[in-house]
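S.K.:
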Amino acid sequence: MAESYILLVEDNPDDAFLASRIIRKVCSDEILVARDGEEASELLQRMTGDGSYRLIRLVLLDLKLPKISGLDLLQAIRKSDELHSLSVAVLTSSDNEMDQERCFELGVLDYLYKPMTADRLESLLRRREEG
Numbered sequence: 025m026a027e028s029y030i031l032l033v034e035d036n037p038d039d040a041f042l043a044s045r046i047i048r049k050v051c052s053d054e055i056l057v058a059r060d061g062e063e064a065s066e067l068l069q070r071m072t073g074d075g076s077y078r079l080i081r082l083v084l085l086d087l088k089l090p091k092i093s094g095l096d097l098l099q100a101i102r103k104s105d106e107l108h109s110l111s112v113a114v115l116t117s118s119d120n121e122m123d124q125e126r127c128f129e130l131g132v133l134d135y136l137y138k139p140m141t142a143d144r145l146e147s148l149l150r151r152r153e154e155g
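All residue numbers for the sequence shown refer to our numbering, where the first residue is 25 and numbers rise by one.
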């Protein structure tokens, strides 16, 4: 079992590959990848069941996902008794101001535009650790 995880929720294989490379450069967390909102939701349910959700250091969440949107998944996370305090950052190409507002209302750490950079991820993880 890993010491900690970063959950990357991304449906585009190229974006997932690039984000994973950056994560590996910045930290030693195990990367869990979910390809759509439904897969992420099922993974989080399993991790809630066995308690391993506590090891999720950060969720990097795309908003435009098939099956369950990133915004719907974020709302479900915030409504969950167990998952509500997960650190979530949005990683998206959407510059929709309403999306940004809603995400910050739901307590995201940051709203990152693709492609993510190593500096931005390091800063985000530092902020998360500082509280």
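Glycine included, every Cβ here is placed at the ideal spot set by N, Cα and C.
Where does T72 fall in DSSP's three states?
M.R.: helix
S.K.: Taking the alpha-carbon positions, what's the D38 to S44 distance?
M.R.: 10 Å
S.K.: Let me know the secondary structure DSSP gives E146 once reduced to three states.
M.R.: It is helical.
S.K.: Please classify M140: is it buried, with 16 or more other beta-carbons within 10 angstroms of its beta-carbon, or exposed?
M.R.: buried
S.K.: By Cβ distance, which residues of its chain are closer than 7 Å to L42, with the 5 residues on each side in sequence left out?
M.R.: P139
S.K.: I need the straight-line Cα distance from G54 to E121, nearest angstrom please.
M.R.: According to the sequence provided, residue 54 is Glu. The question's Gly does not apply to it. Using only the alpha carbons, I get a separation of about 32 Å.
S.K.: In the DSSP assignment, find the alpha helix (DSSP H) that holds R78 and state where it starts and stops.
M.R.: Taken as a continuous stretch (DSSP letters only), R78 belongs to no alpha helix (DSSP H), as it is neither H nor E.
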